[in-house]
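Okay, so here's the structure we're looking at.
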Ligand code: AMP
Ligand code: MG
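Residue numbers (this note's numbering): 10 to 351.
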């Protein structure tokens with residue numbers, strides 16, 4: 010299959026948007042830009058097209074997809090009911106990196122929901138992708154546009170590296186501002202529960218959901234055979250081929266540990282504050298408290314680790330506050346839950 014490259018920097022690229030919409034209406038797969046990461050889209054109503062997403066990515070069938078909409082009116086055909094607290098979050102955070110899990114209507118194939126009776130829905134902020142959804146006249150099922158298990162794609166080049174020749178088209182449109190995937194909250198349980206942290210922070214959610222529960226899988230490895238509320242959380246994820254370890258402790262303890270173990274690691278991912286005393290090759294993800302920058306750089310740096318051929322990498326654990334919680338959640342999975350307590 011030859012992958013068509015469609016360049017659409019904004020919503021004025023009407024020809025490219027039209028082409029992408031046509032491919033989707035005909036059951037094809039198109040990688041689209043969003044403000045979180047690039048998504049691999051297909052019609053959410055087309056069972057075969059949805060199955061082709063799983064094939065192209067090599068994604069386990071029980072890991073459900075997020076359905077992307079452009080207008081509130083589309084919700085009626087997708088979900089059974091919207092609790093008032095969920096509606097308040099949608100009004101506050103859409104379009105944007107907030108995903109709501111709700112009881113699904115039958116029109117959504119079970120392949121989209123990974124066999125669950127709920128569906129995840131989001132209205133992305135990227136105007137090109139919202140135009141594509143409107144032109145196609147379809148909600149789009151779209152997971153991240155990477156090969157399953159590897160770091161998510163925050164640029165079109167990452168998508169091309171992973172999926173060229175496996176999908177019909179890619180819409181090339183610059184980099185993704187948030188850099189990590191959306192915040193996922195399920196409203197199918199009472200009280201609502203955070204399943205995946207992202208650009209919409211716990212602090213922001215609590216303004217509307219004071220009794221929000223944080224699923225334990227957000228910061229730790231799910232127990233073996235435990236029922237996981239969000240199937241995506243049970244897989245090793247976001248991982249480069251190199252072996253990654255996450256070290257948790259102060260700047261001083263991190264630098265000391267790296268010096269003592271300098272023969273064990275060929276690279277470190279750290280923060281600006283660590284750099285002064287760090288004696289092994291390293292890159293900084295930004296200042297300790299600049300969580301937004303860390304999120305933006307994270308997946309590109311995880312991909313660079315393999316491009317540079319590193320085999321064993323140590324990562325300093327980020328602060329678990331604001332968007333930092335999302336960075337922590339991705340890094341502990343990139344490390345396959347191998348944590349060194351300093
Ligand atoms: P990705 O599309 O790669 O960002 O992955 C989608 C994420 O949303 C995965 O972590 C899924 O487990 C989660 N998700 C999607 N649908 C549901 C659902 N119905 N219930 C719980 N989690 C979901
Ligand atoms: Mg993904």
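Ideal placement from N, C-alpha and C gives every residue a C-beta, glycine not left out.
With a floor of 3 residues, list each beta strand (DSSP E) that falls wholly inside the region 25-74, ordered by position along the chain.
-> Listed in chain order, they are 39-41 and 48-52.
Determine the closest residue to residue 269 out of 83, 280 and 288, with distance taken between C-alpha atoms.
-> As a working mapping, residue 269 is identified with position 260 in the chain shown. With distances taken between Cα atoms, residue 269 lies closest to 288.
Check the DSSP bridge columns for residue 5 and list the partner residues they point to.
-> Past the edges of the chain, shown from 10 to 351, lies residue 5, and the structure says nothing about it.
Got a sec, what are the start and stop residues for the alpha helix (DSSP H) residue 185 sits in?
-> Your numbering for residue 185 matches position 176 in the chain shown. For residue 185, no alpha helix (DSSP H) run applies, since DSSP gives it neither H nor E.
Would you mind stating whether residue 76 and residue 145 have Cβ atoms separated by less than 7 Å?
-> As a first step, residue 76 must be located in the chain shown, where it is residue number 67. As a first step, residue 145 must be located in the chain shown, where it is residue number 136. Contact flag unset, no.
Nearest-angstrom beta carbon gap, residue 21 and residue 133 [assumed within contact, 8 Å] | Counted from its first residue, the chain shown places residue 133 at position 124. Counted from its first residue, the chain shown places residue 21 at position 12. The C-beta distance from residue 133 to residue 21 rounds to 18 Å, too long to meet the 8 Å contact threshold.
DSSP three-state call for residue 139: helix, strand or coil?
-> Translated into the one-based positions of the chain shown, residue 139 becomes position 130. For residue 139, the three-state secondary structure derived from DSSP is helix.
Using a threshold of 6 Å, is the CB atom of residue 42 nearer than that to any non-hydrogen atom of the ligand AMP?
-> For this step, residue 42 is matched to residue 33 along the chain shown. At a cut-off of 6 Å, the beta-carbon of residue 42 does not count as near the ligand AMP: no heavy atom of the ligand is closer than that.
Just curious, the alpha helix (DSSP H) that residue 300 is in, first and last residue?
-> Counted from its first residue, the chain shown places residue 300 at position 291. Element bounds for residue 300: 300-316.
In the structure shown, what three-state DSSP assignment does residue 324 receive?
-> Numbered from its first residue, the chain shown carries residue 324 at position 315. Here residue 324 sits in strand by DSSP.
How about residue 45 and residue 191: do their beta carbons lie closer than 7 Å?
-> Along the chain shown, one-based indexing puts residue 45 at 36. Along the chain shown, one-based indexing puts residue 191 at 182. Contact check for residue 45 against residue 191 passes: the beta carbons are separated by less than 7 Å.
Find out if the Cβ-Cβ distance for the pair residue 128, residue 59 is shorter than 7 Å.
-> By one-based count along the chain shown, residue 128 stands at place 119. By one-based count along the chain shown, residue 59 stands at place 50. Between residue 128 and residue 59, the CB-CB gap reaches or exceeds 7 Å.
Confirm, please, whether the CB-CB distance from residue 110 to residue 195 is below 7 Å.
-> The sequence position of residue 195 within the chain shown is 186, counting from 1. The sequence position of residue 110 within the chain shown is 101, counting from 1. Yes; because the gap between Cβ atoms is below 7 Å, this pair is in contact.
Taking buried to mean at least 16 other C-beta atoms within 10 Å of its own C-beta, is residue 318 buried or exposed?
-> In the chain shown, the residue the question calls residue 318 occupies position 309. Counting C-beta atoms within 10 angstroms of its own C-beta, residue 318 has fewer than 16 neighbours from the protein chains shown and is therefore classed as exposed.
When the Cα of residue 247 is compared with those of 68, 33, 51 and 25, which residue comes out closest?
-> In the chain shown, residue 247 corresponds to position 238, counting from 1. Looking at the Cα atoms, 68 is the closest of the given residues.
In angstroms with no decimal places, state the Cα-to-Cα distance between residue 41 and residue 181.
-> Within the chain shown, residue 41 is the residue found at index 32, counting from 1. Within the chain shown, residue 181 is the residue found at index 172, counting from 1. Taken atom to atom, the span from the alpha-carbon of residue 41 to that of residue 181 is near 8 Å.
Does DSSP put residue 196 in a helix, in a strand, or in coil?
-> Locating residue 196 in the chain shown gives position 187, where the first residue counts as 1. Coil at residue 196, not helix or strand.
Would you kindly report the start and end of the unbroken beta strand (DSSP E) that includes residue 110?
-> Here residue 110 is taken as the residue at index 101 of the chain shown, counted from 1. From DSSP, the beta strand (DSSP E) with residue 110 extends over 107-112.
Less than 6 Å between the CB of residue 90 and some heavy atom of the ligand AMP, yes or no?
-> By 1-based counting over the chain shown, the position of residue 90 is 81. Flag unset: Cβ of residue 90 not near the ligand AMP.
Apart from the five residues on each side of it in sequence, which residues of its chain come closer than 6 Å, Cβ to Cβ, to residue 347?
-> For the purposes of this step, residue 347 is taken as the residue at position 338 of the chain shown. The residues are 254.
May I ask which residues mark the beginning and end of the alpha helix (DSSP H) holding residue 102?
-> Position 93 of the chain shown, counting from 1, holds the residue named residue 102. DSSP places residue 102 in the uninterrupted alpha helix (DSSP H) bounded by 93-102.
Ends of the alpha helix (DSSP H) at residue 271?
-> Your numbering for residue 271 matches position 262 in the chain shown. That residue, residue 271, is in no alpha helix (DSSP H); it is neither H nor E in DSSP.
Cβ of residue 240 versus every heavy atom of the ligand MG: is any distance shorter than 6 Å?
-> For the purposes of this step, residue 240 is taken as residue 231 along the chain shown, with counting starting at 1. Residue 240 Cβ: outside cutoff for every heavy atom of the ligand MG.
Can you give the Cα-Cα distance for residue 285 and residue 303, rounded to whole angstroms?
-> For the purposes of this step, residue 285 is taken as the residue at position 276 of the chain shown. For the purposes of this step, residue 303 is taken as the residue at position 294 of the chain shown. Straight-line spacing of the CA atoms in residue 285 and residue 303 works out to 18 Å.
May I ask whether a heavy atom of the ligand MG can be found less than 6 Å away from the beta carbon of residue 152?
-> Here residue 152 refers to the residue found at position 143 when the chain shown is read from its first residue. Inclusion of residue 152 in the 6 Å shell around the ligand MG follows from its C-beta lying nearer than that to a non-hydrogen atom of the ligand.
What are the boundary residues of the alpha helix (DSSP H) that residue 167 is part of?
-> By one-based count along the chain shown, residue 167 stands at place 158. Membership of residue 167 in the alpha helix (DSSP H) is indicated by the continuous run 165-172.
Any non-hydrogen atom of the ligand AMP within 6 Å of residue 228 CB = Here residue 228 refers to the residue found at position 219 of the chain shown. It does not: the Cβ of residue 228 is nowhere closer than 6 Å to a heavy atom of the ligand AMP.
Euclidean distance between Cα positions of residue 282 and residue 299 = Position 273 of the chain shown, counted from the first residue, corresponds to residue 282. Position 290 of the chain shown, counted from the first residue, corresponds to residue 299. Distance between the alpha carbons of residue 282 and residue 299 is about 11 Å.
Residue 170 versus 343, 14, 328 and 341, residue with shortest Cα-Cα distance | Taking the chain shown and counting its residues from 1, the one referred to as residue 170 is at position 161. Distance check between residue 170 and each of 343, 14, 328 and 341 places 14 closest, using alpha-carbon atoms only.
Would you please state the rounded distance, in angstroms, between the beta carbons of residue 88 and residue 130? I believe it to be under 8 Å.
-> Position 79 of the chain shown, counting from 1, holds the residue named residue 88. Position 121 of the chain shown, counting from 1, holds the residue named residue 130. With 8 Å as the limit, residue 88 and residue 130 qualify as a contact, their Cβ atoms being about 6 Å apart.
Tell me the DSSP bridge mates of residue 205?
-> As a first step, residue 205 must be located in the chain shown, where it is residue number 196. Under DSSP, residue 205 shares a beta bridge with 193.
Between the beta-carbon of residue 341 and the beta-carbon of residue 249, is there less than 7 Å?
-> Locating residue 341 in the chain shown gives position 332, where the first residue counts as 1. Locating residue 249 in the chain shown gives position 240, where the first residue counts as 1. No, the Cβ-Cβ distance between residue 341 and residue 249 is not below 7 Å.
Considering only the beta carbon of each residue, do residue 10 and residue 174 sit closer than 7 Å?
-> On the chain shown, residue 10 is found 1 positions in, with the first residue counted as 1. On the chain shown, residue 174 is found 165 positions in, with the first residue counted as 1. Yes.
Taking DSSP as the reference, what is the three-state secondary structure of residue 250?
-> Your numbering for residue 250 matches position 241 in the chain shown. Coil at residue 250, not helix or strand.
Who are the near neighbours of residue 297 in its chain, counting only those whose CB is closer than 6 Å to its CB and skipping five residues on each side?
-> Position 288 of the chain shown, counted from the start, is the residue given in the question as residue 297. Excluding positions up to five away in sequence, the list reads 280 and 282.
Give a single yes or no on whether residue 190 has its beta carbon closer than 6 Å to a heavy atom of the ligand AMP.
-> To locate residue 190, count along the chain shown from 1; it is residue 181. Under cutoff, so the answer is yes.
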